[in-house]
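*Asks:*
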Amino acid sequence: MESFGILITIFVYLLTVLLIGLYYSKKNESTSDFYLGGRKLGPFVTAMSAEASDMSSYLLMGLPGLAYLSGIADVGWTVIGLAAGTYLNWLFTAKRLRRYTQVTNSVTLPQFFSDRFHDKKAILTAISALIIVIFFIPYTASGFAACGKLFSTLFGMDYVTAMVISAIIIVGYTAAGGFLAASITDFIQSIVMTIAIVFILVFATIQAGGIGAVIENAQSLPGYFSLTSEYLPATGEAGSYGFLRICSTLAWGLGYFGMPHILLRFMAIKDESKLKLSRRVASVWVVIAMAIAVMIGVAGKAMSDAGIIGALEGSNTETIIITISDYLSKFGFLPAIMAGLVMAGILASTMSTADSQLLAASSSVSENLFRETFKLKISDKSAMLVARITVVVISVIAVFLARNPDSSIFGIVSFAWAGFGAGFGPIMICALFWKRTNLPGAIAGMIAGGAMVFIW
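Take the sequence shown: its position 200, counted from the start at 1, is 200 in this note's numbering, and no numbers get skipped.
1) Which two residues bound the contiguous alpha helix (DSSP H) that contains Y35?
2) Along the chain, which unbroken stretches of the alpha helix (DSSP H) at least 4 residues long are found entirely within the segment 267–334?
3) Relative to the alpha-carbon of T319, which residue among E29, G255 and S152 has its alpha-carbon at the smallest distance?
4) So, does the CB of I168 fall closer than 7 angstroms to a CB anywhere in chain B?
5) Can you tell me the Cα-Cα spacing of T101 and G172, whole angstroms?
6) Just to confirm before moving on: does the CB-CB distance between S32 and A176 stay below 7 angstroms?
7) Identify whether S408 lies in helix, strand or coil by the three-state DSSP scheme.
8) Considering only the beta carbon of each residue, do I458 and M351 sit closer than 7 angstroms?
9) Taking the C-alpha atoms as reference points, what is the distance between Q189 and G425?
10) Whole angstroms are fine: how far does the CA of Y256 sit from the CA of L290?
11) Taking contact to mean at least 3 C-beta pairs separated by less than 8 angstroms, is the segment 269–282 in contact with the segment 34–47?
12) Could you check if R116 belongs to the surroundings of the ligand SAH, using beta carbon to heavy atom distance under 6 angstroms?
13) Using 8 angstroms as the Cβ pair cut-off and three pairs as the minimum, do the segment 51–71 and the segment 224–243 touch?
14) Classify W77 as buried or exposed, calling it buried when 16 or more other Cβ atoms lie within 10 Å of its own Cβ.
15) Select from L312, D326 and I191 the residue whose C-alpha is nearest the C-alpha of F155.
16) Am I right that S356 and S53 are in contact with their C-beta atoms under 8 angstroms? What's the rounded C-beta distance?
17) Which two residues bound the contiguous beta strand (DSSP E) that contains Y231?
18) Taking the alpha-carbon positions, what's the L277 to F44 distance?
19) What did DSSP end up calling A122 once you bin it into helix, strand or coil?
20) Nearest-angstrom Cα distance between R96 and K120?
21) Would I397 pass as a contact of I127 if the rule is Cβ separation under 7 angstroms?
22) What does the Cβ neighbour count give for I427, buried or exposed, with the cut at 16 atoms within 10 Å?
23) Is the segment 382–391 touching the segment 366–374 in the sense that three or more CB pairs, one from each, lie closer than 8 angstroms?
24) Could you tell me the distance, in whole angstroms, from the CA atom of A146 to the CA atom of L59?
25) I need the DSSP call for A402, collapsed to helix, strand or coil.
26) Using the Cα positions of I429 and T93, report the straight-line distance between them to the nearest angstrom.
27) Pull up the CB-CB distance for V286 and E29, whole angstroms please, since I reckon it's below 8 angstroms.
28) Run through the segment 213–263 for me and flag every whole beta strand (DSSP E) of 3 or more residues, listed as ranges in chain order.
29) Between G85 and L358, which are expected to be in contact by the criterion C-beta below 8 angstroms, what is the C-beta distance as a whole number of angstroms?
30) Just the Cα atoms here: how many angstroms apart are V284 and I80?
31) Look at L109 and I443 and say whether their C-beta atoms are less than 7 angstroms apart.
32) Suppose you measure from the CA of L18 to the CA of G178; what does that come to, to the nearest Å?
33) Which residues in the same chain as V298 place their Cβ atom closer than 7 angstroms to its Cβ, once the five residues preceding and following it in sequence are excluded?
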């Protein structure tokens, strides 16, 4: 009965996003509509879809799992860096990027770079498109891995089978509906994610014995409840968390300036003057959502140490919300429905990012490689077909890469994040704020930044 209640909720949620994709599939009359929604997004959809596509599975799996495993320090400095990066990206990048891409009619990030640096031979266009494809494949793989872990943990399904089913659903509504479908579903998914994390935090805290008991348990573990030390689960001792590690962790926030799936939202808002409202909504939501995610990990640790739920180790700590939800479902049918909502929230965090990544990658292939680099004269209809095929191909590769159930979601995301941050971040800032930045410099910076992630 408990599993049935969870299944009902998840089924309704998945059916909803598929219907949205089908509805918006009829509204894609041009590549501009498919890639950028015709620049029709309102301020709230812009804000929440941007942050939902940003807060991938690491919000409901990576962050709580890391907090559960080693305490406040690593995850705390990460959250501070991400919150600062989110705000600064909206403050400095959004308006200038929206204004420039409107004037030049750029609908993809490689197009913006090409127009800004007068890339007549499409060299920069090709490099930026390849970077998007290369780093979005593992990023998308992390989302599929989260789906696989969710269903295999809950229902005992084969991990790969669960991942394939999830990928088919995501590909279905993304390929059909394009950017508008992805943005509207991301907006809905942000609401589902918010309800899920608030509810599960309250439930976990109550089950652990209240806020006092949760904090007391955290303080009893050496280095766990500190920003300058970390808990080492292998030895049960405290380890130092020095200045260099703090700086390295804070640097996560710099990655925002190069995230294509977030930057596209800035380009797609209908009214430039509403970006200030979008910035405030997005920044507040991000801070609250990440803080709650961290506290869920801490409360989950208290539940484990109290023997309420089983102890988790290694990459399995990323399933802490799933474990708590599974425990919740045993209280009856209605709690099982609520547990299903939480599971839908995990799916939402994954799907809202994967759909945006797939769209950004597919537009890079069809628009920037086929049309601009290889100079293929194809119609908008053919370009959208190429984009849809690209969505499928990238998804197949991502499923293959994520086939290992022990893969770390946090680790995969950090690799892709570094790739975009180093490859696009500095070039984006220079393109918007330094007139003397030229094409050779942009090409050199993009290649060096992307390559350094593999070399370092």
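Built from N, CA and C at the ideal position, the CB exists for glycine as well.
*Replies:* Let me lay it out:
1) In the DSSP assignment, Y35 falls within the alpha helix (DSSP H) that extends over T31 to L36.
2) Every alpha helix (DSSP H) stretch that sits fully inside the segment 267–334 and reaches 4 residues is listed by chain position as 275–305 and 320–329.
3) Check the Cα spacing between T319 and each of E29, G255 and S152: the tightest is with S152.
4) Note that chain B does not occur in the displayed structure, where there is just one protein chain.
5) In a straight line, the C-alpha of T101 is about 29 angstroms away from that of G172.
6) Not in contact: S32 and A176 (Cβ atoms no closer than 7 angstroms).
7) Three-state DSSP puts S408 in coil, outside helix and strand.
8) Coverage of the chain is limited to positions 1 through 456, which leaves residue 458 absent and any answer about it impossible.
9) Straight-line Cα distance between these residues: approximately 27 angstroms.
10) It is Met, not Leu, that sits at residue 290 in the sequence shown. Cα to Cα, M290 sits roughly 16 angstroms from Y256.
11) Segments in contact, yes.
12) Absent from the structure shown: the ligand SAH. Ligands present: none.
13) Judged by Cβ distances under 8 angstroms, the segment 51–71 makes contact with the segment 224–243, as three or more pairs qualify.
14) Counting Cβ neighbours within 10 Å, W77 comes out buried, since at least 16 surround it.
15) The candidate whose alpha carbon is nearest that of F155 is D326.
16) About 4 angstroms separates the two Cβ atoms, so the contact holds.
17) Where Y231 is concerned, the enclosing beta strand (DSSP E) stretches over S229 to L232.
18) One C-alpha to the other measures close to 8 angstroms.
19) Three-state result, A122: coil.
20) Spanning the alpha carbons of R96 and K120 requires a straight line of approximately 23 angstroms.
21) Not closer than 7 angstroms, so no.
22) Label assigned to I427: buried.
23) Contact between the segment 366–374 and the segment 382–391 is established, with three or more Cβ pairs separated by less than 8 angstroms.
24) Separation of A146 and L59 (C-alpha to C-alpha, rounded to the nearest whole angstrom) is 11 angstroms.
25) Here A402 sits in coil by DSSP.
26) In a straight line, the C-alpha of I429 is about 8 angstroms away from that of T93.
27) So it is not a contact: roughly 34 angstroms between Cβ atoms.
28) DSSP runs (the beta strand (DSSP E)) wholly in the segment 213–263: 229–232 and 237–240.
29) No, G85 and L358 are not in contact; Cβ-Cβ is about 23 angstroms, not under 8 angstroms.
30) Counting only the Cα atoms, I80 lies some 13 angstroms from V284.
31) I443 is positioned such that its CB atom lies no closer than 7 angstroms to that of L109.
32) CA-CA distance, L18 to G178, rounds to 12 angstroms.
33) A67, V214 and A218, listed in sequence order.
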